[in-house]
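This report refers to the structure that appears directly beneath it.
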Amino acid sequence: MIQRFDAGEFPYGVFSLRGANSPARVGVAVDDQILDLTSLSADSVFTADSLNPFMAKGADFWRVTRDQVRAAVGRGDGNYLPASSATMRLPVEVADFVDFNSSLQHATNAGLIFRPGADPLRSNWRLMPVGYHGRAGTIVVSGEPITRPCGQFSDDGTVRYAPTKQLDVEAEVGFVIGHGTRPGDRVSTSDFASHVFGVVLVLDWSARDVQSLESVPLGPFLGKSFATTMSAWVLPLDALDTARVPGPVQSPAPAEHLRVERPAGYDLRLEFSVNGSVLSRPAFGSMYWTPAQQLAHLTSNGARLRTGDLFASGTVSDDTEFGSLLELSWNGSRPITLADGSSRTFLGDGDEISLSAVVIGRDGSRRQVGEARGSVSPARC
Ligand code: CA
């Protein structure tokens with residue numbers, strides 16, 4: 136359910152009509168309806184099968200469109216369709232995908248689980264928002280089933296190739312690049328909003344046993360690359376402006392190019408569920424590294440941005456609420472009981488995961504961001 140945004144910021148998506156040979160088009164979510172933007176404008180960016188042509192137009196065009204949509208909704212102009220009559224497409228043709236690891240609590244928990252007795256944080260963690268390049272081509276829209284991956288792992292001292300026994304998923308917040316850069320350019324923390332079109336929710340599916348064996352020394356590979364889910368609706372970044380909060384105090388002080396001049400965190404409250412049982416409600420505002428710092432770091436070597444680039448926050452965990460089964464079950468040692476009485480350590484076939492979020496404004500208002508969900512299909516190996 137997407138609800139109306141008082142500030143006039145409507146989430147954008149790409150849809151086609153269910154059951155017909157219907158072309159893709161761009162729409163905005165208005166309550167439980169979709170306003171078809173091709174009924175308001177003849178611009179070809181709204182008949183595209185992704186938001187990329189629209190996003191590539193830049194921030195001035197986004198705001199003009201936002202104002203047109205706001206006026207049309209106010210007057211009741213345009214063609215509205217029930218959301219139930221539409222099939223949502225992947226909203227973005229994802230160019231490059233980067234996943235960060237910016238929650239202090241998650242990084243600490245993972246360190247305690249995988250490297251007991253050692254300092255849970257690596258020495259670089261507080262110096263920069265660490266991350267890795269993921270696989271853009273396996274990003275799917277919310278609702279698409281995820282096939283349990285097969286891979287090499289060891290669970291009894293012998294390495295074998297089999298369906299993962301430790302399928303996990305990480306609750307994350309993602310940001311989509313609208314306006315790219317030239318090679319060699321850097322994006323300062325204060326230029327964040329000129330390049331970022333909007334925010335999505337991300338499910339980072341993870342095969343922990345595969346990941347454990349493969350990750351040394353080059354980091355995540357097949358344990359992460361089989362699938363990533365993003366929400367069908369992209370909420371414009373401006374919708375988060377009233378939800379800005381200072382990030383946690385950073386110590387040591389970050390390098391000059393990673394400093395921020397105004398609050399750069401966002402007060403989003405996530406809700407992470409399995410089969411309808413809420414597992415946690417982690418606070419995105421608790422993230423140690425903020426999205427503006429992540430983007431500044433990502434481009435600090437001059438790597439160019441392209442329209443459609445997606446970068447995700449890393450698992451959102453705070454002091455008490457954890458955004459992965461790895462942490463919730465403490466690597467399988469503490470089974471989680473669901474509402475139906477069954478228990479989980481990692482995910483079973485048929486399990487359905489849902490991630491939603493609300494934006495908490497300074498006035499206390501709460502607005503829904505969207506939803507990313509996916510269910511687990513049996514392995515095919
Ligand atoms: Ca992740």
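For the sequence shown, our numbering gives the first residue as 136, with consecutive numbering after it. By construction, the Cβ of each residue, glycine as well, lies at the ideal position given by its N, Cα and C atoms.
Three-state secondary structure assigned by DSSP to residue 136: Numbered from 1 along the sequence shown, position 1 holds the residue referred to as residue 136. Bear in mind that a pLDDT of 37 at residue 136, under 50, signals an unreliable position, so the number given afterwards is only what the model happens to contain. Of the three classes helix, strand and coil, the one that applies to residue 136 here is coil, per DSSP.
8 angstroms CB neighbourhood of residue 464 in its chain, flanking five on each side removed: As a first step, residue 464 must be located in the sequence shown, where it is residue number 329. If we look at residue 464 and ignore the five residues flanking it on each side, its Cβ neighbours are 470, 471, 479, 480 and 481.
Limits of the unbroken beta strand (DSSP E) element including residue 261: Translated into positions along the sequence shown, residue 261 becomes position 126. Per DSSP, residue 261 belongs to no beta strand (DSSP E) and is neither H nor E.
Neighbour-count burial assignment, residue 497, 16 or more Cβ in a 10 Å radius: Translated into positions along the sequence shown, residue 497 becomes position 362. Residue 497 comes out exposed.
Buried versus exposed, by CB contacts within 10 Å (16 or more), residue 403: Taking the sequence shown and counting its residues from 1, the one referred to as residue 403 is at position 268. Counting Cβ neighbours within 10 Å, residue 403 comes out buried, since at least 16 surround it.
Nonlocal neighbours in the same chain, by C-beta distance under 7 angstroms from residue 375, ignoring five residues either side: Walking along the sequence shown from the start, residue 375 turns up at place 240. 334, 401 and 494.
Residue 203 (DSSP reduced to helix, strand or coil): Against the sequence shown, residue 203 aligns to sequence position 68. In this structure, residue 203 counts as helix in the three-state DSSP scheme.
Residue interval of the beta strand (DSSP E) (run including residue 232): Here residue 232 refers to the residue found at position 97 of the sequence shown. Start and end: 232–235.
Residue 141 (DSSP reduced to helix, strand or coil): Here residue 141 refers to the residue found at position 6 when the sequence shown is read from its first residue. Bear in mind that the predicted position of residue 141 carries a pLDDT of just 47, short of 50, making it too unreliable to give a figure here.
Limits of the alpha helix (DSSP H) - the one that residue 339 falls within: In the sequence shown, counting from the first residue as 1, residue 339 sits at position 204. Taken as a continuous stretch (DSSP letters only), residue 339 belongs to no alpha helix (DSSP H), being part of the beta strand (DSSP E) at 331–342.
Residue list, Cβ distance to ligand 1 heavy atoms smaller than 6 angstroms: 234, 305, 307, 339, 449 and 450
Within 8 angstroms, strictly: CB atoms of residue 507 and residue 366: In the sequence shown, counting from the first residue as 1, residue 507 sits at position 372. In the sequence shown, counting from the first residue as 1, residue 366 sits at position 231. Yes, Cβ-Cβ distance for residue 507 and residue 366 is below 8 angstroms.
Coarse secondary structure for residue 177, derived from DSSP in three states: Taking the sequence shown and counting its residues from 1, one reaches residue 177 at position 42. Residue 177 falls in the coil class under three-state DSSP.
Closest Cα partner of residue 164 within the set 226, 430, 272 and 238: In the sequence shown, residue 164 corresponds to position 29, counting from 1. The residue with the shortest Cα to Cα distance from residue 164 is 226.
Terminal residues of the alpha helix (DSSP H) in which residue 490 lies: In the sequence shown, counting from the first residue as 1, residue 490 sits at position 355. Careful: residue 490 lies outside any alpha helix (DSSP H), inside the beta strand (DSSP E) at 487–495.
Of the residues 503, 509, 298 and 279, the one placed nearest residue 345, counting alpha carbons only: Within the sequence shown, numbered from 1, the residue matching residue 345 stands at position 210. Of the listed residues, the one whose Cα sits closest to residue 345 is 298.
Inter-residue Cα distance where the pair is residue 329 and residue 288: For the purposes of this step, residue 329 is taken as residue 194 along the sequence shown, with counting starting at 1. For the purposes of this step, residue 288 is taken as residue 153 along the sequence shown, with counting starting at 1. Whole-angstrom Cα-Cα distance: 43 angstroms.
Touching by the beta-carbon criterion (3+ pairs, under 8 angstroms), the stretch 313–325 and the stretch 428–439: yes
Residues near residue 203 in its chain [Cβ-Cβ closer than 8 angstroms; skip 5 each side]: Position 68 of the sequence shown, counting from 1, holds the residue named residue 203. Taken in chain order, the residues that qualify are 175 and 176.
Stretch pair the stretch 227–237 + the stretch 444–451: three plus CB contacts closer than 8 angstroms: yes
Three or more C-beta pairs below 8 angstroms linking the stretch 381–398 and the stretch 157–172: no
Exposure of residue 412, with buried meaning 16 or more beta-carbon neighbours within 10 Å: The residue labelled residue 412 in the question sits at position 277 within the sequence shown. Exposed is the call here.
Residue 268: first and last residue of the uninterrupted beta strand (DSSP E) it sits in: Along the sequence shown, one-based indexing puts residue 268 at 133. Residue 268 -> beta strand (DSSP E) spans 266–268.
Residues sharing a beta bridge with residue 364, DSSP: Taking the sequence shown and counting its residues from 1, one reaches residue 364 at position 229. Its beta-bridge partners are 275 and 338.
CA-to-CA distance, residue 219 to residue 138, given in whole angstroms: The count along the sequence shown starts at 1 and reaches residue 138 at position 3. The count along the sequence shown starts at 1 and reaches residue 219 at position 84. In this prediction, residue 138 has a pLDDT of 44, which is less than 50 and means its spatial position is unreliable; what the coordinates show is noted afterwards. Distance between the alpha carbons of residue 138 and residue 219 is about 15 angstroms.
Residue 450 classed as buried or exposed, judged by whether at least 16 other C-beta atoms fall within 10 angstroms: Here residue 450 corresponds to residue number 315 of the sequence shown, with the count starting at 1. Label assigned to residue 450: buried.
Within the stretch 420–498, ranges of the alpha helix (DSSP H) (whole runs, at least 4 residues): 426–433 and 460–463
Outcome for residue 293 when other beta-carbon atoms lying within 10 angstroms are tallied against a minimum of 16: Numbered from 1 along the sequence shown, position 158 holds the residue referred to as residue 293. Exposed is the call here.
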